[in-house]
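Be aware that the sequence shown starts at 3, since it is given in the working numbering, and climbs by one per residue.
C-beta: ideal position from N, C-alpha, C; glycine also.
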Amino acid sequence: MSLEREITEHIVSTYLHGTPADELEPSLDLFDSGVVSSLQLLELIEWLRGRYAIPVDDLALSPRSFRSVTAIREFVEHAQQLSYARADGD
Numbered sequence: 003m004s005l006e007r008e009i010t011e012h013i014v015s016t017y018l019h020g021t022p023a024d025e026l027e028p029s030l031d032l033f034d035s036g037v038v039s040s041l042q043l044l045e046l047i048e049w050l051r052g053r054y055a056i057p058v059d060d061l062a063l064s065p066r067s068f069r070s071v072t073a074i075r076e077f078v079e080h081a082q083q084l085s086y087a088r089a090d091g092d
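Here it is as structure tokens:
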């Protein structure tokens, strides 16, 4: 399963009960559309941290990084690259 698909399925199952994952466009603004609130954003970040072993405490977080499924995927990919680079540098 692709990273984007996994993120989409999590968002749909957690915040859009009963909505098929295919109906959530990757570019949809999750905040403006009301899919994710500020409190839910904290829950989503915690899920990403646990699911993808992202050291969120070490990263500069911005709501822009979580505005859409595409933005979240890009954030995860970037965070993983940084994590791998740090591990190689140890």
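Could you spell out the range, first to last residue, of the alpha helix (DSSP H) harbouring residue i?
i: residue 12; result: 5 to 17
i: residue 56; result: No alpha helix (DSSP H) contains residue 56, which DSSP labels as neither H nor E.
If I measure Cβ to Cβ from residue i and keep anything under 6 angstroms in the same chain, skipping five residues before and after, which residues do I get?
i: residue 26; result: 10, 14
i: residue 77; result: 67
Got a sec? Which residues, its chain only, sit under 8 angstroms from residue i by beta carbon, not counting five neighbours each side?
i: residue 85; result: 55, 56, 57
i: residue 38; result: 13, 17, 32, 46, 68
i: residue 28; result: 6, 10, 70, 71, 72, 75
Determine the burial state of residue i: buried for a count of at least 16 other Cβ atoms within 10 Å of its Cβ, exposed for fewer.
i: residue 62; result: exposed
Quiz item: Quick one: any contact between the region 13 to 21 and the region 37 to 57, if contact means 3 or more CB pairs under 8 angstroms?
Solution: The region 13 to 21 is in contact with the region 37 to 57.
Quiz item: Can we say the region 27 to 35 touches the region 71 to 80, given the rule of at least three CB pairs closer than 8 angstroms?
Solution: yes
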